[in-house]
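Everything in the sequence shown is counted per the working numbering, starting at 349 for the first residue and increasing by one.
Every residue, glycine too, gets a C-beta built ideally from N, C-alpha and C.
Report on one structure; see the data block that follows.
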Amino acid sequence: MPFMACSMMLAFPCVAQQQTPFWIAASQPTRIDLQVSGILKDYASVVALRMPAGRGDAEAVARLRRRASDVPLLMYAWVNRNIAGTPGSTGLSDWIERNPHKYLIASRGGKTIPGFGKVTDAGYRSRMAETIGNAVRKGGYDGVALDLLVRTPRYRPRPLARLCAKEVDFCRAYAEGIDKMLQVLRQSLGQRTILYNGLWNFGPDSVKDQASLLSVADAAIIEYFGGEPEDESASFSSDIQPYLESMVSASADRRVYAFGRGRWSYTDYAEDYARQRYLYAAYLLAAGPHTAFKYHATFQHPTVRGRSGGLSVYADWRVSLGPAEGRFRAHDGLFTRQYRSGLVAVAPDDGEGGVLSLQGEYYTPEGDRMSGRRVLLPGTGVILQRSAPPERSPLRIDLTGFSDLPGAAMQSENGGRYLSIPAREEGSERLLDIERSMTPRSTVRLSWRPTARHWEFYLRAEVDDPQRRQEFAWVKVTEGGASIIAAPAQPRWPAPSSQKVQRQVGASEVALAPEWASLSVDGRSVFSDSSLSFRRWHGIQFAGPVGLREIRLES
């Protein structure tokens with residue numbers, strides 16, 4: 349049964365504009381730890397969770413449920429592609445492989461096409477719906493997130509597209525099979541949510557055809573809003589504008605989630621942020637109560653390619669523009685939309701740019717004042733507020749997210765409370781400033797007490813590399829100072845125990861006092877003489893036993 353917009357149903361309550369849809373592919377169930385669950389509680393409007401099946405997956409769901417009980421949680425699943433290894437696929441892959449000639453798509457010659465389920469078969473559809481429905485109920489999910497759900501495979505996936513080209517009736521029969529598959533799945537799930545991936549502009553009428561699945565499904569994602577991560581030929585005309593039209597035309601009781609995509613090739617911090625802003629501004633041209641936006645290079649957590657991953661968030665998404673005043677307009681080479689408290693403007697990347705004429709004063713999210721006539725180059729987006737934004741405040745890290753580290757426990761002392769963390773050599777990293785901003789907080793301050801005479805911990809910094817190879821770097825902090833470790837570092841990998849030290853800074857840059865100490869490390873100072881440029885404190889990992897009262901990040 350379809351849900352109503354802004355209903356009180358669990359699956360999709362009314363959400364604020366800045367709340368974000370998360371589709372996360374976790375490398376292990378343990379990645380959905382207490383801290384990640386807290387982040388999703390604060391930021392997420394919905395979470396579609398993909399993770400390996402087996403040991404720990406039920407615990408990960410329970411952990412997320414306890415910390416983020418109000419966030420709708422959807423189980424990753426598939427109905428037309430054999431994607432093994434996830435909780436929702438348990439039993440299905442083996443069942444298909446035991447009967448490949450009965451439950452896999454075959455060419456006219458009878459040769460099966462590996463991996464493509466026979467959605468045209470009623471028995472196949474019934475088994476899929478029953479198995480997925482049981483897994484959702486057993487796992488305590490609010491619904492499913494169906495991946496790679498192509499209705500009419502005229503363009504992709506290519507093995508089926510080739511079959512479509514050869515057999516006139518195949519595409520029609522396949523599309524009917526997908527429609528019936530969703531109807532049977534709806535019967536199995538009842539009022540639980542069906543989200544699917546997705547809306548794609550792979551050819552004429554592709555977006556419209558995919559959007560027709562919303563007659564049964566509750567929500568869809570635009571997987572490549574702005575183009576695929578490796579597609580340098582992507583353009584506003586083909587990879588943004590068709591999706592704006594689908595967002596506007598979607599029924600108010602359905603949800604459409606736009607996933608802007610970062611590049612897999614190297615981009616520096618400012619380049620990545622500018623692309624995010626361009627795509628978010630483009631999204632705001634058609635945003636409404638039934639839409640939301642996410643930006644990342646990959647769905648993976650931790651990220652495996654590009655600068656941002658499934659858990660990444662950006663400060664722009666917190667900008668409050670108020671309600672929209674009408675639809676977007678195309679004029680003078682720009683697309684613009686007026687909001688009660690601001691406006692957005694986009695110069696398409698396949699256009700010639702244009703001049704934005706501002707009536708009165710506006711402010712960027714960083715607080716820069718803008719007025720008069722402003723030239724926007726192709727591929728540029730601006731988000732402007734009528735009032736100046738507040739200064740970025742210090743961030744206090746919630747230590748609750750550290751308390752599930754092995755052996756960690758809250759302790760009492762002199763009427764106060766602190767977190768005790770035992771010695772750990774690897775695997776104990778926790779995130780710091782998860783929100784990317786063009787005004788990042790550069791100083792990390794600890795109120796802490798190392799319980800060993802000689803101590804060390806690691807900070808992970810997001811950096812720019814003039815060689816365009818490295819996006820993260822470790823900083824090793826000891827009683828003698830801080831040193832940059834010259835090794836590429838992907839987010840939330842264990843800190844290297846022994847690596848070549850690129851730069852050592854003096855103890856004067858790491859302030860420490862006896863007993864409970866206030867220790868501070870300034871990223872700009874640490875990297876001031878390095879070839880790398882500091883951009884953001886990403887994470888922290890303790891290598892020895894410590895007590896923690898507070899971790900703060902300051903500008």
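Supposed close pair residue i, residue j - CB separation, criterion 8 Å
i: Asp587; j: Gly608; result: Not really, about 10 Å apart at Cβ, beyond 8 Å.
i: Ala957; j: Leu880; result: There is no way to answer for residue 957, as the model of the chain reaches only from 349 to 903.
i: Tyr617; j: Tyr643; result: Wrong, their Cβ atoms sit about 14 Å apart, outside the cutoff.
i: Tyr522; j: Val467; result: 7 Å
i: Trp612; j: Ala582; result: Not quite, the Cβ-Cβ distance comes to about 13 Å (not below 8 Å), so this is no contact.
i: Leu704; j: Arg675; result: Leu704 to Arg675, Cβ: 18 Å. No contact.
i: Leu592; j: Leu633; result: 6 Å
i: Trp490; j: Thr541; result: The identity of residue 490 in the sequence shown is Asp, whereas the question assumes Trp. Yes, Asp490 and Thr541 are in contact; Cβ-Cβ is about 6 Å, under 8 Å.
i: Tyr687; j: Gly708; result: So it is not a contact: roughly 14 Å between Cβ atoms.
i: Glu810; j: Glu819; result: 6 Å
i: Leu706; j: Gly720; result: 6 Å
i: Gln624; j: Asp664; result: 7 Å
i: Val532; j: Ser474; result: 6 Å
i: Ile899; j: Ile745; result: 4 Å
i: Asn549; j: Pro577; result: Not really, about 16 Å apart at Cβ, beyond 8 Å.
Own chain residues within Cβ distance below 8 Å of residue i, not counting five before or after
i: Tyr711; result: Arg717, Met718, Leu732, Gln733, Arg734, Ser735, Ala736 and Pro737
i: Glu407; result: Pro377
i: Val853; result: The predicted model places Val853 with a pLDDT of 47, which falls under 50 and marks its position as unreliable; any figure quoted below should be read in that light. Contacts found: Gly829, Ala830, Ser831, Ser873 and Val874.
i: Gly551; result: Arg502 and Tyr503
i: Glu857; result: Low confidence applies here, because Glu857 scores a pLDDT of 42, under 50, leaving its location unreliable; read the following figure in that light. If we look at Glu857 and ignore the five residues flanking it on each side, its Cβ neighbours are Gly829, Ala830, Val869, Asp870, Ser873 and Val874.
i: Met786; result: Ala618, Tyr621, Ala663, Pro713 and Glu714
i: Ala635; result: Gln365, Met595, Phe641 and Ala672
Close-in-space but distant-in-sequence residues of the same chain around residue i (CB under 6 Å, 5 per side omitted)
i: Val394; result: Pro369 and Pro420
i: Ala374; result: Ile380, Met399 and His649
i: Arg415; result: Ser385, Gly386 and Lys389
i: Tyr391; result: Thr368 and Val661
i: Gln889; result: Ser776, Glu777, Tyr806 and Ala843
i: Ala640; result: Pro369, Ser393 and Tyr605
i: Val694; result: Ala629, Ala630, Phe683 and Gly729
i: Ile569; result: Asn545, Gly546, Tyr605 and Phe607
i: Gly887; result: Glu777, Leu779, Leu780 and Arg808
i: Phe584; result: Pro696, Asp697 and Asp698
i: Arg740; result: Thr787 and Ser903
i: Ile453; result: Ile461, Phe464 and Lys466
7 Å Cβ shell around residue i - same chain, five flanking residues per side excluded
i: Gly755; result: Pro770
i: Pro435; result: Ala401, Asp405, Met423, Ala483 and Gly487
i: Ala509; result: Pro501, Arg502 and Tyr503
i: His638; result: Ala353, Ala598, Ala600, Arg602, Arg603 and Val604
i: Tyr472; result: Tyr451, Gly465 and Lys466
i: Phe647; result: Trp371, Ile372, Ala373 and Gly658
i: Ser904; result: Here the chain covers residues 349 to 903 and nothing more, so residue 904 does not appear.
Beta carbon of residue i nearer than 8 Å to that of residue j
i: Trp864; j: Ser760; result: no
i: Ile480; j: Val498; result: no
i: Arg884; j: Pro788; result: yes
i: Ile832; j: Val874; result: yes
i: Tyr766; j: Gly895; result: yes
i: Gln558; j: Leu547; result: yes
i: Arg655; j: Thr615; result: yes
i: Leu779; j: Val792; result: no
i: Ile431; j: Leu397; result: no
i: Pro798; j: Gly892; result: yes
i: Ser790; j: Ser876; result: no
i: Gly463; j: Arg506; result: no
i: Leu382; j: Arg411; result: yes
Secondary structure, beta strand (DSSP E): runs of 3+ residues fully inside the stretch 616-670
639-644
Would you call the stretch 795-814 and the stretch 675-688 in contact, with 3 or more CB pairs under 8 Å?
no
Under 8 Å: do the stretch 744-754 and the stretch 621-638 share three or more Cβ pairs, one atom per stretch?
no
Pair every Cβ in the stretch 523-538 with every Cβ in the stretch 449-458, then say whether three or more of these pairs are closer than 8 Å.
no
Are the stretch 551-565 and the stretch 511-519 in contact at 8 Å, needing three or more beta carbon pairs?
no
Sufficient close CB pairs (3 or more, under 8 Å) joining the stretch 425-433 to the stretch 698-713
no
Ranges of the beta strand (DSSP E) found wholly within the stretch 786-812, counting only runs of at least 3
791-798 and 804-812
Would you list, in sequence order, the uninterrupted beta strand (DSSP E) runs of no fewer than 3 residues that lie entirely inside the stretch 411-462?
421-425 and 452-454
Completely contained beta strand (DSSP E) runs for the stretch 547-617, where each covers 3 or more residues
567-573 and 603-609
Threshold first: 3 residues or longer. Then list the beta strand (DSSP E) segments lying entirely within the stretch 690-777, N to C.
690-695, 702-711, 717-724, 728-733, 757-761 and 764-769
Would you mind listing the beta strand (DSSP E) stretches within the stretch 490-550 that are 3+ residues and don't spill past its ends, in chain order?
491-494 and 541-547
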